[in-house]
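Novice: According to the working numbering, the sequence shown holds residues 22 to 84 in order. One structure follows; several queries about it will come next.
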Amino acid sequence: MEIFFGTADFDPKSTSNSKTAANATGDAFILKLTNSGSFLDAMTFGGAGNYNNSCKSIKEDNQ
């Protein structure tokens with residue numbers, strides 16, 4: 022799992038999907054891309070606290 026600080030644009034193409042971290046300690050995020058790298062979705066998890074080692078696993082679609 023990764024974290025980001027401030028505002029980040031999660032869409033690698035010209036369109037924008039910006040999210041802003043809830044506080045100065047950063048927020049966790051999950052970025053969903055196609056196999057070819059096209060943007061599908063971005064989810065952020067914010068609030069007070071530390072997110073290190075919070076995510077245990079992520080499954081691929083249809084798995």
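We put the CB at the ideal spot given by N, CA and C, even for glycine.
#1: Starting from the C-beta of F31, find all residues in its chain whose C-beta is less than 6 angstroms away, skip the five residues before and the five after it, and write them out in chain order.
#2: Would you kindly report the start and end of the unbroken beta strand (DSSP E) that includes T41?
#3: Where N66 and A29 are concerned, what is the direct C-alpha to C-alpha distance, given to the nearest angstrom?
#4: Using beta-carbon positions only, say whether A42 and F25 come within less than 8 angstroms of one another.
#5: I need the straight-line Cα distance from G58 to E23, nearest angstrom please.
Specialist: In brief:
#1: Around F31, the same chain offers N38, L52, A63 as residues with beta carbons nearer than 6 angstroms, after the five sequence neighbours per side are excluded.
#2: 39-41
#3: The identity of residue 66 in the sequence shown is Phe, whereas the question assumes Asn. For F66 and A29, the distance between alpha carbons rounds to 13 angstroms.
#4: yes
#5: 18 angstroms
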